Amino acid sequence: MILSQADSPGNDYSRIDHFSFEDCRSSCEADDGCNAFTYNHARGVCFLKRAANQWTTFFAWASTGIKLSSLKPQEKTTAPAEQGEGTTPPASAAESEGKAILEKNCGRCHSLEASSESPLPQAPPLREVYLKYPIDQLEEGFAEGMGSKHRDMPQIQFSPGQVGAILNYLGSITGVDPATRTRAVIPGETPP
Ligand code: HEC
496 MILSQADSPG NDYSRIDHFS FEDCRSSCEA DDGCNAFTYN HARGVCFLKR
546 AANQWTTFFA WASTGIKLSS LKPQEKTTAP AEQGEGTTPP ASAAESEGKA
596 ILEKNCGRCH SLEASSESPL PQAPPLREVY LKYPIDQLEE GFAEGMGSKH
646 RDMPQIQFSP GQVGAILNYL GSITGVDPAT RTRAVIPGET PP
């Protein structure tokens, strides 16, 4: 497919100067690793690309070609084989344990998902709580029970292992690793 007046930014693996549009197109066609190209008509430059970007930008003097075959979703033929080796990383076990704890104790009020509203509108989704508080305050809060925040909830305390599992789960849905979260800085104290 050829798009005129379009640039597909990024993913270049080769740049060829002083080339014609037809040469650019056939070079890409001939190379299995080439899935898109942008040709700059004004300068006669051909950019061969490993992949088309998700979008193209308007560029008056360029044409972009995209191999439609490259846009089909890749079938994950290797995935089941990898799982078959029985190497489930321990982190994902901890994550699902964390989710189970939250589902049992918090899910009827708070959203536990990466997106979605809380069942109880006043209760903030736990992903937001996770991102809002410094990591040590969360650890402390979960370990000591969230009682002060919750008039209408029995106080629940979690063991350090459970706290770790909860934080791993919240880390996995937010994409923010608990280990890299900042700790609270007490005013006047120099952080480590
Ligand atoms: C009965 C419903 C209910 C359950 C169950 C519940 N919460 Fe809440 N939670 C709320 C509501 C409502 C609020 C917001 C109002 C408030 O602060 O009192 C809240 C607030 C919070 C906050 C404070 C958020 C902030 O920004 O200050 C935290 C942290 C929290 N919940 C964690 C939990 C955890 C962890 C669990 C499970 C162990 C849990 N909650 C279970 C209703 C609930």
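In the numbering used here, the protein residues as written are 496 to 687. A virtual CB, placed ideally from N, CA and C, is assigned to each residue, including glycine. Everything numeric in this text was worked out from a predicted model, so none of it was measured.
Check                                                                                                                                                                           : Outcome
Which same chain residues end up closer than 6 Å to Ala-546 when comparing Cβ atoms and leaving out the 5 residues on each side of it in sequence?                              : Asn-506, Asn-530
In three-state DSSP terms, what is Asn-548?                                                                                                                                     : coil
Take every Cβ of the stretch 533-541, pair it with every Cβ of the stretch 586-604, and state whether three or more of those distances are shorter than 8 Å.                    : no
May I ask whether a heavy atom of the ligand HEC can be found less than 7 Å away from the beta carbon of Leu-597?                                                               : yes
Return the Cβ separation of Ser-606 and Leu-621 in integer angstroms, given the expectation that the two are a contact with Cβ distance under 8 Å.                              : 7 Å
Here's a check: name, in chain order, each residue in its chain whose Cβ is nearer than 8 Å to the Cβ of Leu-498, leaving out the five neighbours to either side.               : Thr-551, Ser-558, Thr-559, Gly-560, Ile-561
Using a Cβ-Cβ cutoff of less than 6 Å, which residues in the same chain neighbour Tyr-664 once the five nearest sequence positions on both sides are dropped?                   : Glu-590, Gly-593, Lys-594
Let me know if Leu-543 comes out buried or exposed under the rule of 16 or more other beta-carbons within 10 Å of its beta-carbon.                                              : buried
Can you name the start and end residues of the alpha helix (DSSP H) that Asp-672 belongs to?                                                                                    : Counting along the chain, Asp-672 falls outside any alpha helix (DSSP H), and DSSP gives it neither H nor E.
Could you tell me whether any non-hydrogen atom of the ligand HEC is closer than 7 Å to the CB of Arg-603?                                                                      : yes
Count the other C-beta atoms from every protein chain shown that fall within 10 angstroms of the C-beta of Tyr-508, then say buried if there are 16 or more, exposed otherwise. : exposed
Only counting the same chain, and skipping five residues up and downstream in sequence, which positions put a Cβ closer than 6 Å to that of Phe-516?                            : Tyr-534
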